[in-house]
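In the numbering used here, the protein residues as written are 1069 to 1210. Each residue gets a CB set at the ideal place from its N, CA and C atoms; glycine is no exception. Note that the structure is a prediction, hence the values are computed from the model and not measured. Presented below is the structure to which this report refers.
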Amino acid sequence: KIKEIAPEVKVLILTIHDGEEYIYEVAKAGAEGYVQKDIKPEELKDAIERLIKGERVFPPAIEEQVPEESNNPEQFEELSSREQEVLELLAKGMSNRSIAETLYISDKTVKNHVSNILKKLSVEDRTQAVIVSLKRGLVKLS
(Lines of atoms letter the chains of each structure in order from A and count residues from 1; the text may use other names and numbers.)
(Lines give C-alpha, C1' and ligand atoms only; values in the text may rest on other atoms or scores of the structure.)
Protein backbone atom coordinates (compact mmCIF):
# COMPACT_ATOMS: atom_id res chain seq x y z
CA LYS A 1 0.00 0.00 0.00
CA ILE A 2 2.85 2.38 0.82
CA LYS A 3 4.40 1.93 -2.64
CA GLU A 4 1.07 2.76 -4.28
CA ILE A 5 0.82 6.05 -2.38
CA ALA A 6 4.52 7.00 -2.43
CA PRO A 7 6.53 4.90 -4.93
CA GLU A 8 9.73 6.83 -4.14
CA VAL A 9 9.75 5.57 -0.52
CA LYS A 10 12.30 2.84 0.19
CA VAL A 11 10.86 -0.06 2.20
CA LEU A 12 13.03 -2.30 4.39
CA ILE A 13 11.19 -5.11 6.19
CA LEU A 14 12.50 -5.98 9.65
CA THR A 15 11.02 -9.33 10.68
CA ILE A 16 11.36 -12.55 12.65
CA HIS A 17 10.30 -14.65 9.65
CA ASP A 18 12.99 -16.25 7.51
CA GLY A 19 11.04 -18.37 5.04
CA GLU A 20 11.57 -17.74 1.33
CA GLU A 21 7.81 -17.45 0.82
CA TYR A 22 7.79 -14.36 3.10
CA ILE A 23 10.66 -12.81 1.18
CA TYR A 24 8.84 -13.30 -2.13
CA GLU A 25 5.69 -11.76 -0.67
CA VAL A 26 7.49 -8.62 0.52
CA ALA A 27 9.31 -8.37 -2.81
CA LYS A 28 6.00 -8.76 -4.61
CA ALA A 29 4.57 -5.97 -2.45
CA GLY A 30 7.44 -3.70 -3.48
CA ALA A 31 9.90 -3.81 -0.59
CA GLU A 32 13.54 -3.22 -1.52
CA GLY A 33 14.92 -5.05 1.48
CA TYR A 34 14.30 -7.77 4.03
CA VAL A 35 16.33 -8.36 7.19
CA GLN A 36 15.88 -10.39 10.38
CA LYS A 37 15.15 -8.67 13.70
CA ASP A 38 18.20 -10.32 15.27
CA ILE A 39 20.50 -8.42 12.89
CA LYS A 40 23.45 -6.64 14.53
CA PRO A 41 23.12 -2.84 14.78
CA GLU A 42 26.09 -2.30 12.43
CA GLU A 43 24.53 -4.63 9.84
CA LEU A 44 21.20 -2.82 10.10
CA LYS A 45 22.97 0.51 9.60
CA ASP A 46 24.74 -0.95 6.56
CA ALA A 47 21.44 -2.29 5.17
CA ILE A 48 19.81 1.14 5.52
CA GLU A 49 22.78 2.86 3.86
CA ARG A 50 22.69 0.37 0.97
CA LEU A 51 18.96 0.99 0.56
CA ILE A 52 19.51 4.76 0.47
CA LYS A 53 22.11 4.24 -2.29
CA GLY A 54 19.49 2.37 -4.32
CA GLU A 55 20.72 -1.15 -3.63
CA ARG A 56 18.42 -3.99 -2.71
CA VAL A 57 18.92 -5.77 0.61
CA PHE A 58 17.89 -9.43 0.69
CA PRO A 59 19.52 -12.52 2.24
CA PRO A 60 22.53 -13.47 0.06
CA ALA A 61 21.33 -17.07 -0.34
CA ILE A 62 18.27 -15.97 -2.30
CA GLU A 63 19.29 -12.52 -3.62
CA GLU A 64 19.49 -13.75 -7.21
CA GLN A 65 16.08 -15.44 -6.97
CA VAL A 66 14.28 -12.23 -5.98
CA PRO A 67 13.24 -10.46 -9.18
CA GLU A 68 15.28 -7.35 -9.97
CA GLU A 69 12.23 -5.14 -10.27
CA SER A 70 10.24 -6.75 -7.50
CA ASN A 71 7.86 -3.81 -7.15
CA ASN A 72 6.97 -4.03 -10.84
CA PRO A 73 3.52 -5.65 -11.00
CA GLU A 74 4.30 -7.18 -14.38
CA GLN A 75 7.09 -9.17 -12.72
CA PHE A 76 4.42 -11.08 -10.82
CA GLU A 77 1.58 -11.27 -13.30
CA GLU A 78 -1.60 -12.29 -11.51
CA LEU A 79 -3.04 -15.72 -12.11
CA SER A 80 -6.75 -15.95 -12.80
CA SER A 81 -8.82 -17.79 -10.21
CA ARG A 82 -9.08 -20.79 -12.56
CA GLU A 83 -5.31 -20.77 -13.18
CA GLN A 84 -4.82 -20.69 -9.41
CA GLU A 85 -7.07 -23.74 -9.04
CA VAL A 86 -5.14 -25.56 -11.77
CA LEU A 87 -1.82 -24.63 -10.14
CA GLU A 88 -2.97 -25.98 -6.77
CA LEU A 89 -3.94 -29.27 -8.41
CA LEU A 90 -0.59 -29.37 -10.25
CA ALA A 91 1.12 -28.97 -6.87
CA LYS A 92 -0.77 -32.06 -5.69
CA GLY A 93 0.76 -33.99 -8.59
CA MET A 94 -2.40 -34.36 -10.64
CA SER A 95 -2.30 -35.05 -14.39
CA ASN A 96 -4.06 -32.87 -16.95
CA ARG A 97 -6.81 -35.47 -17.30
CA SER A 98 -7.36 -35.64 -13.52
CA ILE A 99 -7.43 -31.85 -13.30
CA ALA A 100 -9.95 -31.72 -16.17
CA GLU A 101 -12.20 -34.25 -14.44
CA THR A 102 -11.92 -32.50 -11.07
CA LEU A 103 -12.76 -29.07 -12.49
CA TYR A 104 -15.26 -30.33 -15.10
CA ILE A 105 -13.34 -28.80 -18.00
CA SER A 106 -11.73 -30.27 -21.13
CA ASP A 107 -8.15 -31.53 -21.36
CA LYS A 108 -7.47 -28.80 -23.92
CA THR A 109 -8.66 -26.12 -21.49
CA VAL A 110 -6.35 -27.52 -18.80
CA LYS A 111 -3.43 -27.42 -21.27
CA ASN A 112 -4.25 -23.78 -22.04
CA HIS A 113 -4.32 -22.92 -18.33
CA VAL A 114 -1.01 -24.73 -17.72
CA SER A 115 0.55 -22.88 -20.65
CA ASN A 116 -0.65 -19.53 -19.24
CA ILE A 117 0.66 -20.43 -15.78
CA LEU A 118 4.11 -21.28 -17.18
CA LYS A 119 4.22 -18.00 -19.07
CA LYS A 120 3.07 -15.89 -16.12
CA LEU A 121 5.55 -17.52 -13.74
CA SER A 122 8.36 -17.35 -16.34
CA VAL A 123 9.13 -21.05 -16.07
CA GLU A 124 9.52 -23.85 -18.61
CA ASP A 125 7.72 -26.81 -17.09
CA ARG A 126 5.16 -27.96 -14.53
CA THR A 127 7.78 -28.88 -11.94
CA GLN A 128 9.35 -25.43 -12.07
CA ALA A 129 5.88 -23.88 -11.83
CA VAL A 130 5.16 -25.80 -8.63
CA ILE A 131 8.57 -24.99 -7.11
CA VAL A 132 8.29 -21.27 -7.90
CA SER A 133 4.70 -21.11 -6.68
CA LEU A 134 5.66 -22.78 -3.39
CA LYS A 135 8.58 -20.39 -2.90
CA ARG A 136 6.40 -17.37 -3.65
CA GLY A 137 3.63 -18.65 -1.41
CA LEU A 138 1.14 -18.93 -4.27
CA VAL A 139 0.24 -22.45 -3.16
CA LYS A 140 0.72 -24.42 0.02
CA LEU A 141 1.00 -28.16 0.37
CA SER A 142 -1.67 -29.49 2.70
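- In this structure, DSSP gives Leu-1147 a state outside helix and strand, which the three-state scheme calls coil.
- In this chain, Ile-1084 is not harboured by any alpha helix (DSSP H), its DSSP state being neither H nor E.
- Cβ-Cβ distances below 8 Å link Asn-1164 to Asp-1175, Val-1178, Lys-1179, Val-1182 in the same chain, with the five nearest sequence neighbours on each side left out; the list follows chain order.
- Tyr-1102 is bridged by DSSP to Ile-1081.
- For the 8 Å CB-CB criterion, Ser-1201 and Ala-1159 form a contact.
- Using a C-beta cut-off of 8 Å, the region 1147-1155 makes no contact with the region 1122-1129, since fewer than three inter-stretch Cβ pairs fall below that distance.
- The C-beta distance from Val-1191 to Leu-1155 rounds to 11 Å, too long to meet the 8 Å contact threshold.
- Boundaries of the alpha helix (DSSP H) harbouring Ile-1167: 1164-1171, taken from the DSSP string.
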